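Engineer:
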Amino acid sequence: MPERLFRPLLRVPFLLYGILLFSAGIVFYLFGVTLVIPRRLFGLNSLLMPINEWIAWYSGVPTFFGAAMVLFDLLVLLPLKRHPDGLRNDPVTDRHVTVALTAYNDELSIADAVRDFATHPLVRRVIVVSNNSRDATETRAIEAGAITFNELKPGYGRCVFRCLEEAGRFEDTELVVLCEGDCTFSAEDIDKLLAYIPHADIVNGTRTVERLRERRTQLSTFMYYGNMYVGKLLEAKHLGVTTITDVGTTYKMVRRASLPRLLAAVDPSVNLEFNAHLLDMAMQSGLSIVECPITFYPRVGKSKGGNINNSRATRVGLRMIRGIVFGWAGLRNG
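The C-terminal position of the sequence shown is numbered 314 in the numbering used here, with every residue numbered one higher than the one before it.
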């Protein structure tokens, strides 16, 4: 009876909206608190006191309703939303993989990245998709033994899409490993991803385990927690489906059989926000995702993505939030 009663509400992300409303209320309240400073310093008590009182009163409205939505989703709807089929255990008969690496002006790192993955005993081939690199990325990749493609349309999303598209053409492997060519990730972690793939269509690598990250990487403390926050918003949107702590990592393992559904759902014109977009669309399409802790190293060469600095990471993160909440149509790269 309860399930039938609440079924129309199961697709509404109350937890996501509740977190955003609650956060807005707290920010609104803190802004009101800061008005105490000019009131005291500049003698503006008569002018600012009514504003202070108004903010203190009305900031409680989004805070209250946000908390109510969070509790409703967690206490009432979550038991009905959790994956109904139980624990999945679907072993892969052939554990060999095709590796696809994204690359953009990565001539300093791509050869080492190709050789690292190519020497793994379960890797059948390494593909490199250069996103119209202006340096010797393609030449270095070919010299290292990779099958190389050049994606002329600009944008990280188009490069990732081409990687998955090309890797999916090889029928002698059931699994595709997506990664980057900047040496931030290690081929050794393929074994970790393989341990999780029986339980999912996609295994998403997460860089959030402290002891598995080098001391200094391009992922600053601000980016680390911001990335985790956006991941939790995405998890809240798809409550009961999976656990998400890292929306920014490229390192993933995907079942080749799931690629047609995944590629049909994603929009390759989404740029630096594409990893969050891919996870969102995968879950919306009914594909299962499991996270796996992976090692993370300092990149070789200069970053060209969202990790250049905290300012750019903030813009990318805000655009991810916009896509998660309002849809991805407005984030196309052209």
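For each residue, glycine too, the CB sits at the ideal point set by N, CA and C. Bear in mind that the values here come from a model prediction, so they are computed numbers and not experimental data.
Any contact of the segment 34 to 49 with the segment -8 to 11, i.e. 3+ C-beta pairs under 8 Å?
Structural biologist: Taking 8 Å as the limit for Cβ pairs, the verdict is that the segment -8 to 11 does touch the segment 34 to 49.
Engineer: Can you tell me whether His63 is buried or exposed, with buried defined as 16 or more other CB within 10 angstroms of its CB?
Structural biologist: Counting from one through the sequence shown, the residue named residue 63 turns up at place 83. Per the 10 Å Cβ criterion, exposed.
Engineer: Who are the near neighbours of Leu144 in its chain, counting only those whose CB is closer than 8 Å to its CB and skipping five residues on each side?
Structural biologist: In the sequence shown, residue 144 corresponds to position 164, counting from 1. So the qualifying residues of the chain are Ala80, Val156, Leu158, Val234, Leu239, Leu242 and Leu243.
Engineer: Excluding the 5 residues preceding and the 5 following Ala91 in the sequence, name in chain order all residues of the same chain whose CB lies nearer than 6 Å to its CB.
Structural biologist: By one-based count along the sequence shown, residue 91 stands at place 111. Arg120 and Ala124.
Engineer: Can you check DSSP and say which residues form a bridge with Cys272?
Structural biologist: Working through the sequence shown from its first residue, we reach residue 272 at position 292. DSSP output for Cys272 lists Gly185 as bridge partner(s).
Engineer: Could you check whether Val108 and Ala98 sit closer than 7 Å to each other, using their CB atoms as the reference points?
Structural biologist: Here residue 98 refers to the residue found at position 118 of the sequence shown. Here residue 108 refers to the residue found at position 128 of the sequence shown. Not closer than 7 Å, so no.
Engineer: For the alpha helix (DSSP H) containing Lys133, list its first residue and its last residue.
Structural biologist: Here residue 133 refers to the residue found at position 153 of the sequence shown. Segment: none, Lys133 is in no alpha helix (DSSP H) and carries neither H nor E.
Engineer: Check the DSSP bridge columns for Ser110 and list the partner residues they point to.
Structural biologist: Taking the sequence shown and counting its residues from 1, one reaches residue 110 at position 130. Ala83 and Asn130.
Engineer: Give me the residue from Ala36, Glu131 and Asp260 with the minimum Cα distance to Asn184.
Structural biologist: Start at 1 with the first residue of the sequence shown, and residue 184 comes out as number 204. Cα-wise, what sits closest to Asn184 is Asp260.
Engineer: When you compare only the Cα positions, how much space is there between Arg(-13) and Asn85?
Structural biologist: Within the sequence shown, the letter at position 7 stands for residue -13. Within the sequence shown, the letter at position 105 stands for residue 85. So the alpha carbons of these two residues sit roughly 50 Å apart.
Engineer: Report yes if the CB atom of Asp162 is closer than 7 Å to the CB atom of Ser113, and no otherwise.
Structural biologist: For the purposes of this step, residue 162 is taken as the residue at position 182 of the sequence shown. For the purposes of this step, residue 113 is taken as the residue at position 133 of the sequence shown. No; because the gap between Cβ atoms is not below 7 Å, this pair is not in contact.
Engineer: In angstroms, rounded to a whole number, what distance separates the CA positions of Ile122 and Thr128?
Structural biologist: Within the sequence shown, numbered from 1, the residue matching residue 122 stands at position 142. Within the sequence shown, numbered from 1, the residue matching residue 128 stands at position 148. For Ile122 and Thr128, the distance between alpha carbons rounds to 6 Å.
Engineer: Apart from the five residues just before and just after Val210, which ones in its own chain have a Cβ nearer than 7 Å to its Cβ?
Structural biologist: Within the sequence shown, residue 210 is the residue found at index 230, counting from 1. Around Val210: Val227, Ala256, Gly297, Met300 and Ile301.
Engineer: Per DSSP, Glu160 forms a beta bridge with which residues?
Structural biologist: Stepping through the sequence shown from its first residue, residue 160 is reached at position 180. Looking at the DSSP assignment, Glu160 forms a beta bridge with Thr82.
Engineer: Looking at Phe276 and Arg187, is the spacing between their C-beta atoms short of 7 Å?
Structural biologist: In the sequence shown, residue 187 corresponds to position 207, counting from 1. In the sequence shown, residue 276 corresponds to position 296, counting from 1. For Arg187 and Phe276, yes; Cβs fall inside 7 Å.
Engineer: Could you please give me the residues that DSSP links to Met233 through a beta bridge?
Structural biologist: Residue 233 sits at position 253 when you count from the first residue of the sequence shown. Met233 is bridged to Val157 and Val183.
Engineer: Return yes when at least one heavy atom of the ligand FAD lies under 6 Å from the C-beta of Ser291, else no.
Structural biologist: In terms of ligand content, the structure shown is empty, and the ligand FAD therefore cannot be addressed.
Engineer: Name the residue from Val221, Gly12 and Pro278 whose alpha carbon lies nearest to the alpha carbon of Thr197.
Structural biologist: For the purposes of this step, residue 197 is taken as residue 217 along the sequence shown, with counting starting at 1. The shortest Cα separation from Thr197 among Val221, Gly12 and Pro278 belongs to Pro278.
Engineer: Can you grab the Cα-Cα spacing for the pair Gly216 / Phe22, in whole Å?
Structural biologist: For the purposes of this step, residue 216 is taken as residue 236 along the sequence shown, with counting starting at 1. For the purposes of this step, residue 22 is taken as residue 42 along the sequence shown, with counting starting at 1. In the sequence under discussion, the amino acid at residue 216 is Ala, which differs from the Gly named in the question. So the two alpha carbons sit approximately 43 Å from each other.
Engineer: Report the three-state DSSP secondary structure of Arg279 (helix, strand or coil).
Structural biologist: In the sequence shown, counting from the first residue as 1, residue 279 sits at position 299. Coil.
Engineer: Flag this pair as yes or no: are the beta carbons of Ile269 and Ala147 separated by less than 7 Å?
Structural biologist: Residue mapping note: residue 269 aligns to position 289 of the sequence shown, counting from 1. Residue mapping note: residue 147 aligns to position 167 of the sequence shown, counting from 1. No, Cβ-Cβ distance for Ile269 and Ala147 is not below 7 Å.
Engineer: Return helix, strand or coil for Val250, following the three-state DSSP convention.
Structural biologist: Here the question's residue 250 lines up with position 270 in the sequence shown. Residue state, collapsed to three classes: strand.
Engineer: In the structure shown, what three-state DSSP assignment does Val77 receive?
Structural biologist: Numbered from its first residue, the sequence shown carries residue 77 at position 97. DSSP places Val77 in strand when its eight states are reduced to three.
Engineer: Are Arg20 and Leu28 close, meaning C-beta to C-beta below 7 Å?
Structural biologist: As a position in the sequence shown, residue 20 is number 40, starting the count at 1. As a position in the sequence shown, residue 28 is number 48, starting the count at 1. In this structure, Leu28 does not lie closer than 7 Å to Arg20 by Cβ.
Engineer: Per DSSP, Val(-8) forms a beta bridge with which residues?
Structural biologist: Indexing the sequence shown from 1 puts residue -8 at position 12. Paired residues: none, contrary to the question.
Engineer: Quick one: grab the DSSP three-state call for Arg312.
Structural biologist: In the sequence shown, residue 312 corresponds to position 332, counting from 1. In the structure shown, Arg312 sits in a strand (DSSP, three-state: E or B).
Engineer: For the alpha helix (DSSP H) that contains Phe150, what are its first and last residues?
Structural biologist: Translated into positions along the sequence shown, residue 150 becomes position 170. Careful: Phe150 lies outside any alpha helix (DSSP H) and carries neither H nor E.
Engineer: In the structure shown, what three-state DSSP assignment does Met(-19) receive?
Structural biologist: Counting from one through the sequence shown, the residue named residue -19 turns up at place 1. Low per-residue confidence applies at Met(-19): pLDDT is 46, beneath 50, and the placement is therefore not dependable, though the value from the model is reported in the following sentence. Here Met(-19) sits in coil by DSSP.
Engineer: Quick one: complete alpha helix (DSSP H) runs, 4+ long, within the segment -7 to 24?
Structural biologist: List check, alpha helix (DSSP H) in window: -6 to 14 and 16 to 22.
Engineer: Rounded to the nearest angstrom, what separates Ile182 and Leu267 at their Cα positions?
Structural biologist: Here the question's residue 182 lines up with position 202 in the sequence shown. Here the question's residue 267 lines up with position 287 in the sequence shown. Rounded to whole angstroms, Ile182 to Leu267 spans 8 Å at the Cα level.
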